[in-house]
Amino acid sequence: MKNFTSVYDIDNLQEIIAKTLKIKENPLENPTKGNGKTIGLVFLNSSLRTRLSSQIAAQNLGLNVLTLNAAQEAWNLEFADGTVMNGDTVEHIKDAIEVLNQYCDIIAVRCFAGMKSKEDDVNESILSQFLKHAKVPVISLESATRHPLQSLADCITITENWKENRKPKVVLTWAPHIKPIAQAVGNSFTEWMQQMDVDFVIANPEGYDLDKNFTKDTKVLHNQDEALKDADFIYVKNWSSFEEYAVMPKVDENWMLTNEKLELTNNAKVMHCLPVRRNLELSDEVMDGENSIIYQQAKNRIFSAQAVFSEILDEINSKN
Amino acid sequence: MKNFTSVYDIDNLQEIIAKTLKIKENPLENPTKGNGKTIGLVFLNSSLRTRLSSQIAAQNLGLNVLTLNAAQEAWNLEFADGTVMNGDTVEHIKDAIEVLNQYCDIIAVRCFAGMKSKEDDVNESILSQFLKHAKVPVISLESATRHPLQSLADCITITENWKENRKPKVVLTWAPHIKPIAQAVGNSFTEWMQQMDVDFVIANPEGYDLDKNFTKDTKVLHNQDEALKDADFIYVKNWSSFEEYAVMPKVDENWMLTNEKLELTNNAKVMHCLPVRRNLELSDEVMDGENSIIYQQAKNRIFSAQAVFSEILDEINSKN
Amino acid sequence: MKNFTSVYDIDNLQEIIAKTLKIKENPLENPTKGNGKTIGLVFLNSSLRTRLSSQIAAQNLGLNVLTLNAAQEAWNLEFADGTVMNGDTVEHIKDAIEVLNQYCDIIAVRCFAGMKSKEDDVNESILSQFLKHAKVPVISLESATRHPLQSLADCITITENWKENRKPKVVLTWAPHIKPIAQAVGNSFTEWMQQMDVDFVIANPEGYDLDKNFTKDTKVLHNQDEALKDADFIYVKNWSSFEEYAVMPKVDENWMLTNEKLELTNNAKVMHCLPVRRNLELSDEVMDGENSIIYQQAKNRIFSAQAVFSEILDEINSKN
């Protein structure tokens with residue numbers, strides 16, 4: 174694995190899932206694998222789970238960790254090429270990346286969608302600079318359009334919770350929010366489910382269809398009740414409109430996941446990447462109920478990170 | 174020791190003081206005791222001493238440390254149960270705690286009094302959520318009403334500085350300030366002194382009496398000079414009114430500790446938990462004088478933290 | 174080496190350059206040298222390179238690292254002696270330093286010029302407090318008037334890039350900026366070049382002469398083209414006026430370093446301490462061109478820090 178920014182960096186999904194579950198059984202099996210190597214965790218945005226789980230994963234492998242809250246601790250970054258930097262920005266992102274090249278063996282970066290320019294976000298205006306200028310492996314800690322470490326953890330969590338001898342039905346359902354939120358988690362979960370042996374459906378209101386480049390031939394329903402029917406797993410997540418970018422078209426029905434809606438399902442397990450807005454995206458009763466596997470999902474973030482760091486270390490070591 | 178949020182989590186105060194002094198003699202005696210375990214240090218408020226001393230204590234025990242500046246690095250937290258989260262808050266504290274449960278073997282948290290609602294503060298509205306939802310031991314790094322790691326360090330410091338064959342007289346004296354400050358340090362020091370073999374007196378202006386639930390039958394004087402007479406230790410600290418919550422009733426006398434006032438005492442040692450406002454709470458001459466044991470007190474924060482982390486690790490290990 | 178705040182803390186420059194280059198060959202040669210010792214990295218200002226390279230250097234030596242973003246994570250600091258602290262400041266710098274004395278074996282601090290009072294900056298109003306109150310070695314991570322770890326890295330970089338049997342011509346050239354910037358890097362580079370076996374010239378517009386206490390008898394030209402002639406190394410850096418302190422006198426010529434100007438030189442290598450404002454201080458073509466050794470310079474920050482930490486540890490160990 175050269176970089177890790179999407180499911181397409183994985184050769185064999187079943188194999189990495191198996192490896193990750195093995196790591197979960199014994200996270201301290203390779204405590205010196207990363208010794209003498211340094212991973213830089215660069216946060217351009219807030220983070221709780223990703224921040225902590227990545228640190229734990231790195232520690233489990235004996236990697237040195239450098240955490241940089243870029244905005245607060247370093248310099249205001251310029252992202253546009255060719256600019257005369259006579260404004261508020263103090264350091265060009267490409268220079269920051271070139272310096273990280275000198276200091277780190279692996280660069281991991283969180284760079285959310287700006288939600289202002291559809292073109293910038295679709296083109297991954299920030300992550301693409303890391304991929305262009307980094308001379309060491311790059312790991313996405315969530316970028317404008319994807320959240321692959323989350324998606325790998327999601328696959329692990331579904332695998333752990335499915336013992337039946339048939340494909341589970343997995344529904345990604347849109348949920349209400351008060352602010353325009355990126356499509357990254359929805360896109361990413363979709364891509365990974367397309368490669369899993371599941372029956373996958375997306376439910377969202379009219380006007381909220383995800384980018385066709387991600388959904389491809391996945392079935393998209395605009396009726397939540399219909400989608401939830403017989404579901405084995407429900408993934409709850411808000412996103413804003415892709416077509417009319419970052420806009421929030423009015424939704425008449427109540428899409429918040431409640432126990433009443435859960436009754437439509439096959440006693441479905443409920444998932445969410447967190448943070449979640451309680452009683453807006455889903456009700457307290459669902460969040461705190463026994464169908465929720467949301468905290469287990471959060472825990473699996475450690476192991477998805479550790480599996481990816483481990484694969485990347487294998488690649489680095491194979492070159493030495 | 175299951176949790177550590179007050180003196181009531183200590184079985185035997187003399188024993189833990191002895192253990193702490195032993196740790197101080199050789200802080201690196203158990204450098205692998207915490208190996209493979211992770212402590213999360215969660216700061217909802219500013220911290221210098223607690224932040225650094227806790228990290229050193231953890232390192233001395235071989236514990237992995239995750240530090241989270243919750244407000245700046247993670248998400249804006251919701252504290253109210255049952256709320257429809259359609260405002261500024263992004264993650265409910267109980268979900269953050271449940272995630273910390275997945276990532277940490279010990280959770281340590283700093284959550285100051287909000288100084289807005291007496292009821293919230295008295296009921297430890299934040300710490301209580303940690304105690305309710307945490308599935309791992311919880312350590313207070315100062316909460317709304319107590320600062321127990323400070324108080325343990327204070328007990329150590331007094332013990333180190335008292336060699337006579339009689340009870341020392343210890344005075345907790347109120348000091349001026351310009352803002353309404355919590356009663357946590359005062360309450361906490363009071364509770365611990367009540368269990369120490371000392372003659373303990375509190376001095377504060379009228380209107381500044383601490384919560385009776387903490388002071389109990391401790392003598393409270395409203396005349397500073399009278400209280401300071403023959404004191405062996407003086408603990409200087411501001412707090413705002415408890416009765417008329419967070420208000421600062423006018424004080425006519427000057428309660429700032431000066432060398433002149435020190436002359437009333439038995440050449441008393443002077444203590445303060447820091448940060449201190451010089452020439453407001455106490456004078457430069459006292460702070461920089463030879464009676465001050467304030468920096469020694471700060472140093473002892475390392476060992477009080479290490480003693481508590483060590484006790485908690487014993488408890489964790491006894492269950493495995 | 175007792176402290177490290179300028180070139181005058183170095184006994185033998187050639188010797189430390191040789192040691193640093195040796196460390197660069199094998200940074201992990203002494204991985205336990207710092208074991209059981211703690212370095213506190215105190216940032217009163219932003220930092221990318223210094224923050225990360227210092228952490229790596231410390232890790233390479235097995236030092237424990239405590240990083241403190243003083244403004245955001247701790248308390249608002251008071252710097253004036255004797256003040257009645259009844260305003261916005263919560264902790265006096267000298268008390269913070271005395272606490273750091275208790276917690277750290279080495280204190281490293283970044284404290285930029287305030288650019289408001291020439292007297293405060295010239296007198297190193299903050300660093301001087303560290304030097305006065307610290308009881309452990311103090312390392313400057315850039316102060317009001319100097320940036321010595323950068324300068325040592327600069328010396329390494331020049332040494333690595335010069336194989337000819339004659340003195341190289343090194344030109345420190347002023348560059349445009351939009352804000353008044355400190356003279357620290359310029360001063361510091363000047364001091365170190367004065368001790369290197371190089372032919373050193375400073376070029377800056379009229380009104381931008383550096384403090385004579387730093388430039389001494391170094392040649393200062395006000396004509397950039399004349400200075401660049403036959404240069405082997407060009408160090409690009411902005412600073413504001415020293416004489417008319419922190420003012421930016423109007424400059425008619427364009428001092429931005431371009432490829433056209435590079436043609437005046439002896440195919441000079443280009444240096445900059447970063448962060449750099451592209452197309453203002455120097456052009457994209459220079460920054461991304463083959464004459465730039467700027468990222469190599471950034472990498473050498475690791476080894477200059479490691480060499481200094483190592484010398485300081487030798488001093489500490491020699492006392493034990």
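Chains as they are written, first to last, in the working numbering: chain A, 174 to 493; chain B, 174 to 493; chain C, 174 to 493. By construction, the Cβ of each residue, glycine as well, lies at the ideal position given by its N, Cα and C atoms. For clarity, every value in this text was computed on a predicted model and none was experimentally measured.
CB contact check: residue i to chain A, cutoff 8 angstroms
i	result
R283/C	no
H495/B	This structure cannot speak to residue 495/B, because chain B is shown only from 174 to 493.
I475/C	yes
L447/C	yes
A441/C	no
Residue j beta carbon less than 8 angstroms from that of residue i
i	j	result
P310/C	K402/C	no
L314/C	T388/C	no
I354/C	N439/C	no
F406/C	I329/C	no
M429/C	E399/C	no
L241/B	K210/B	no
V344/B	V371/B	no
V282/C	L221/B	no
A326/B	S477/B	yes
I266/B	E251/B	yes
W494/A	A376/A	Not covered by the structure: residue 494/A. The range shown for chain A is 174 to 493.
L217/A	A253/A	no
V424/A	P349/A	yes
L239/A	Q228/C	yes
A231/A	F482/A	yes
I475/A	S219/A	no
H320/C	V358/C	yes
S361/A	Q302/A	no
G380/A	P422/A	yes
Contact with chain C by residue i, beta-carbon distance below 8 angstroms
i	result
S220/B	yes
L453/B	yes
L225/B	yes
Q356/B	no
L486/A	no
Q245/B	yes
K472/B	yes
N411/B	no
I351/B	yes
Sheet register partners of residue i (DSSP bridge)
i	result
D268/A	Paired residue(s): none; D268/A is not in a bridge.
I212/B	V238/B and I279/B
F177/B	I312/B
D372/A	K342/A
S124/B	Not covered by the structure: residue 124/B. The range shown for chain B is 174 to 493.
L430/C	L455/C
W347/C	K410/C
V295/B	V295/B is not bridged to any residue.
Interface partners of residue i on chain C, CB under 7 angstroms
i	result
Q228/A	Ordered by position in chain C, no residue passes the 7 angstroms Cβ test against Q228/A, which lies about 14 angstroms from the chain.
T211/A	I229
Contacts of residue i in chain A (Cβ-Cβ under 9 angstroms)
i	result
G235/B	Residues of chain A passing the Cβ test: none, with the nearest at roughly 12 angstroms.
Heavy atom of the ligand HEM within 7 angstroms of residue i beta-carbon
i	result
N493/C	Absence of the ligand HEM is noted for the structure shown, with no ligands found whatsoever.
Nearest residue (CA-CA) to residue i, options the options
i	options	result
A404/A	A269/A, A419/A and L437/A	L437/A
F285/C	D390/C, C277/C, S298/C and Q275/C	S298/C
V257/B	F362/A, E458/A, I475/A and A269/A	E458/A
N259/A	K492/C, N452/C, I485/C and Q469/C	N452/C
N274/B	E484/A, L486/A and I467/A	I467/A
T363/A	R339/A, E379/A, P341/A and D390/A	D390/A
Beta-carbon neighbours of residue i, restricted to chain A and to distances below 7 angstroms
i	result
D457/C	G255
Q232/C	N237
Test: residue i CB closer than 8 angstroms to a CB of chain B
i	result
D268/C	yes
M174/C	no
L201/A	yes
Contacts that residue i makes with chain A (C-beta to C-beta distance below 8 angstroms)
i	result
N242/C	Q245 and E246
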